[in-house]
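Residue numbers (the numbering used here): 689 to 1233. Quick reminder that beta carbons are idealized off the backbone N, C-alpha and C, glycines included. It should be emphasised that the depicted structure is a prediction, and the values quoted were computed from it without experimental measurement. Scroll down for the structure; my scribbles are underneath it.
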Amino acid sequence: MTSSTQPSAHYDAVVIGAGFAGLYMLHRLRGLGMRTRVFEAGDGIGGTWFWNCYPGARCDVDSMQYCYSWSDELQREWQWTERYPTRNEILRYVHHVAERFDLNRDISLNARVIAGRWLTDAGTWQIDIERGPTVSARFLITATGCLSESRVPAIKGLEQFKGQTYHTGRWPKIPVSFAGKRVGVMGTGSSGIQAIPEIAREARELVVFQRTPNFSIPAWNGPIDPAHKQHWMANYPFLRERARNTRSGILYDYGTRSGVSMTPAERQEEMDSRWRKGGANFVHAFNDTFVNPESNQFLADYVRDKIRQTVKNPATAHKLLPHDHPIGTKRICVDSGYFEAFNRPNVTLVDLRNDPITGFEEHAVLTQSSRHELDAMVFATGYDAVTGALERLNLRGETGQSLREIWKDGPTSYLGLMTAGFPNLFTITGPGSPSILTNVIVSIEQHVDWIADCLQHMQANQLERIEPQPAAQDRWVAKVQEIATGTLFVKANSWYMGANIPGKPRVFLPFIGGFSTYVAICRDVVSKGYEGFTFSALASKPSCS
Ligand code: N01
């Protein structure tokens, strides 16, 4: 692994980002004999799991499934220790993979891509690296992650605040201690819900600033069940294949009946048993959770009852009851003692809907009705999801326009893989692909394999340029929105809808038609000779350094 880039060089492919997507892409490109370089903005590999080292950070997908499936030896040799893996354990896994497959030598760290432009005549991407050289590549592949462009809201006076400030997605790599401190946390999504119980245990006082109460299901995390582990180890290929044939790429216990069709006793038993098992599996109790408001309401009411039972102060419990979106239409949270944390004497909940923040002072945050003196403020305020990191790259296509300009009314992409006008640019888990609605590692593997197979096809046929046809792209964009409109997801002000970023177009960002359906569509496109894509040979070839 190098911490600086080589002098100006030409590559067959440049990959942006060294998280799960970038690492596997590098491995596949090497297999094709392509000279490849990965540029990573951080000073370590791991992407999301490099940056997100906030207290309590862990994945809420079962560890036996939250790992690569492309190497059977790898999946058999790695030993997960907990039901849901901690951030540190995932990062150890990432390093193990990088070492085992000798990936580090083709990765440049501290190498943020700040711009790129397609040179039509040369048929290459020219790529600028911050504080580094400009390099070029025939193919440019983004592996920048869907949740990597962190966002702190603009709040009056924040720059005056003299306490420490943190964002969960940009947590310092040095130890942070809240012992004896008065800490504020803003944001009650997955990150906030994980961090709050941990910070509550350590801090002298914790003030949680909540804008939208959220649904959360207990994780009941603990050491991995040896029988469960053994079952997966013994049946990995079969179980992986079954997972790929589901709508989220995760082997949940998907309910097969409508909530409405069950008797009250059946429904109660179904929900009780799922609650006892814990995790996101809960929302899959019914086969129509996300399309039938009545079925959805059963689950939402159940969780609200649990919150009332858990939180001892009725006024606090009331503030914590989610009320403005169907359950699961904002990413469902999975917690370890989130609601219980509000029973602690050192934790206060501020409901920003009734008592909005008016600004920061040097040592306090002010709301309309109160003043909270704080030593530190944690922003768990999320991301400019899916498109934010791509737009930030400042990539300019054939017309000289950037992705940000082209996407001003919403992202345009064919299959979430490529955008018209940006030849030879592939976007792993790009907008309009299932990505964040799935086990993202499964989605990453499918995209990486699709791209690698496409490049192999191009090699075999001496094709040098690929781009999607605008008409095919338009149809795909319309399909993504049309399917989303048939679900309850469009009723929530979620980051899936871009609703968390002021001014961001309100469109549904991922493909919600199901992972297995999406895979079938991608296969069909290939079997029809890459239907909707245009290939060409280039007139002139760039010289290699
Ligand atoms: O971010 P979020 P996240 N004033 O956008 C609030 C994945 N993930 O980092 O709901 C006040 O979900 C905002 O309020 P509202 C997972 O996919 C996975 O928590 O917009 N509050 C919300 O409460 C997840 O969905 C794991 O009204 C403001 C919070 O900040 C995704 O990452 C763990 C505000 C942001 O929630 C993002 O999760 C962690 C403002 N101006 C993350 N602006 C696991 O696998 C925003 N908020 C377990």
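> For Leu807, is the classification buried or exposed, using 16 other Cβ atoms within 10 angstroms of its Cβ as the cut-off for buried?
Replying inline: Around the beta-carbon of Leu807, fewer than 16 other beta-carbon atoms lie within 10 Å, marking it exposed.
>> For the beta strand (DSSP E) containing Pro981, name the first residue and the last one.
In response: Note, Pro981: premise wrong, no beta strand (DSSP E); alpha helix (DSSP H) at 981 to 998.
> By how many angstroms is the C-alpha of Asp1162 removed from the C-alpha of Leu1081?
Replying inline: Distance between the alpha carbons of Leu1081 and Asp1162: 23 Å.
> Out of Asp700, Phe708, His698, which has the shortest C-alpha to C-alpha gap to His1135?
Replying inline: For the residues Asp700, Phe708, His698, the minimum Cα distance to His1135 belongs to Phe708.
>> Any contact between the stretch 835 to 848 and the stretch 1043 to 1063? By contact I mean 3 or more CB pairs, one from each, below 8 Å.
In response: Touching, yes.
> Quick one: what does DSSP say Ser904 is sitting in, helix, strand or coil?
Replying inline: Three-state result, Ser904: strand.
>> For Ser1101 and Gly1085, which I take to be in contact (beta-carbon distance under 8 Å), what is that distance rounded to the nearest angstrom?
In response: Taking C-beta atoms under 8 Å as the contact rule, Ser1101 and Gly1085 fail to qualify, at a distance of about 12 Å.
>> Taking the beta strand (DSSP E) that Tyr699 belongs to, which residues open and close that run?
In response: Going by DSSP, Tyr699 is part of the beta strand (DSSP E) stretching over 698 to 704.
> DSSP on Leu1083, reduced to helix/strand/coil?
Replying inline: In the three-state scheme derived from DSSP, where H, G and I count as helix and E and B as strand, Leu1083 is classed as strand.
> Who are the near neighbours of Ser1224 in its chain, counting only those whose CB is closer than 6 Å to its CB and skipping five residues on each side?
Replying inline: In chain order, Arg1153 place their CB closer than 6 Å to the CB of Ser1224, counting only its own chain and leaving out the 5 sequence neighbours on each side.
> Between the C-alpha atoms of Asp913 and Trp758, what's the straight-line distance to the nearest angstrom?
Replying inline: Between the alpha carbons of Asp913 and Trp758 lies a gap of roughly 24 Å.
>> Nearest by alpha-carbon distance to Trp908: which of Gly880, Lys869, Arg964, Leu927 is it?
In response: Nearest option by C-alpha distance: Arg964.
> For the putative contact between Ile881 and Phe970, defined by C-beta atoms under 8 Å, what is the C-beta separation to the nearest angstrom?
Replying inline: Not really, about 15 Å apart at Cβ, beyond 8 Å.
> How is Asp731 classed by DSSP in three states: helix, strand or coil?
Replying inline: Three-state DSSP puts Asp731 in coil, outside helix and strand.
>> Quick check on DSSP: helix, strand or coil for Ser1233?
In response: Any answer about Ser1233 is weak, because its pLDDT of 28 lies below 50 and its placement is not dependable; what the coordinates show is given next. Coil at Ser1233, not helix or strand.
>> Would Gly1016 and Asp976 qualify as a contact pair, given that the criterion is a beta-carbon distance under 8 Å?
In response: No, they are not a contact pair.
>> Contact defined as beta carbons within less than 8 Å: I believe Gly734 pairs with Tyr1071. What is the distance between those atoms, to the nearest angstrom?
In response: Contact between Gly734 and Tyr1071 does not hold, since the beta-carbon distance rounds to 17 Å and is not under 8 Å.
> Under 7 Å from any heavy atom of ligand 1, does the C-beta of Ser878 make it?
Replying inline: True, at least one ligand heavy atom lies under 7 Å from that Cβ.
>> Within 10 Å of its beta-carbon, does Phe1221 have 16 or more other beta-carbons around it, so buried, or fewer, so exposed?
In response: Within 10 angstroms of the beta-carbon of Phe1221 lie 16 or more other beta-carbons, which makes it buried.
> Taking Thr1115 as the reference, which of Asp760, Gly910, Pro1099, Lys861 has the closest Cα?
Replying inline: That would be Pro1099, whose Cα lies nearest to the Cα of Thr1115.
> For the alpha helix (DSSP H) that Ala953 lies in, which residues bound it at each end?
Replying inline: Counting along the chain, the unbroken alpha helix (DSSP H) around Ala953 starts and ends at 952 to 965.
>> Rounding to the nearest angstrom, what Cα-Cα distance links Ala799 and Gly833 in this structure?
In response: Taking the straight line joining both Cα atoms gives about 16 Å.
> Secondary structure at Ser878, three-state DSSP: helix, strand or coil?
Replying inline: Helix, per DSSP.
>> Is Tyr1183 close to ligand 1? I mean its beta-carbon at under 7 Å from any heavy atom of the ligand.
In response: Looking at the sequence provided, one finds Trp at residue 1183 rather than Tyr. Under cutoff, so the answer is yes.
>> My output table needs one value for Asp1023: the three-state DSSP class, helix, strand or coil.
In response: Per DSSP, reduced to three states, the secondary structure at Asp1023 is strand.
>> Quick check on Ala1064: does DSSP put it in helix, strand or coil?
In response: For Ala1064, the three-state secondary structure derived from DSSP is strand.
> If you compare alpha carbons, which of Leu720, Gly719, His715, Thr736 is closest to Val726?
Replying inline: Ranking Leu720, Gly719, His715, Thr736 by Cα distance to Val726 puts His715 first.
> Any heavy atom of ligand 1 closer than 7 Å to the Cβ of Tyr781?
Replying inline: Not under cutoff, so the answer is no.
>> For Val782, report the span of its alpha helix (DSSP H) as first-last.
In response: 775 to 788 is the extent of the alpha helix (DSSP H) around Val782.
> Within the present structure, is the beta-carbon of Phe897 separated from the nearest heavy atom of ligand 1 by less than 7 Å?
Replying inline: At least one heavy atom of ligand 1 is nearer than 7 Å to the Cβ of Phe897, so yes.
> According to the Cβ coordinates, are Leu1103 and Val1213 closer than 8 Å?
Replying inline: Yes.
> In this structure, does DSSP put Val1130 in helix, strand or coil?
Replying inline: In this structure, Val1130 counts as helix in the three-state DSSP scheme.
> How would you call His972, buried or exposed, if buried means at least 16 neighbouring beta carbons within 10 angstroms?
Replying inline: So His972 counts as buried.
> How big is the Cα-Cα spacing for His1145 and Arg718?
Replying inline: Each residue's alpha carbon lies about 15 Å from the other.
> From His784 to Thr876, what distance separates their C-alpha atoms?
Replying inline: Taking the Cα positions, His784 is about 33 Å away from Thr876.
>> Pairs of beta-carbons, one from the stretch 696 to 707 and one from the stretch 824 to 832, closer than 8 Å: are there three or more?
In response: Yes: the two stretches touch, three or more of their Cβ pairs being nearer than 8 Å.
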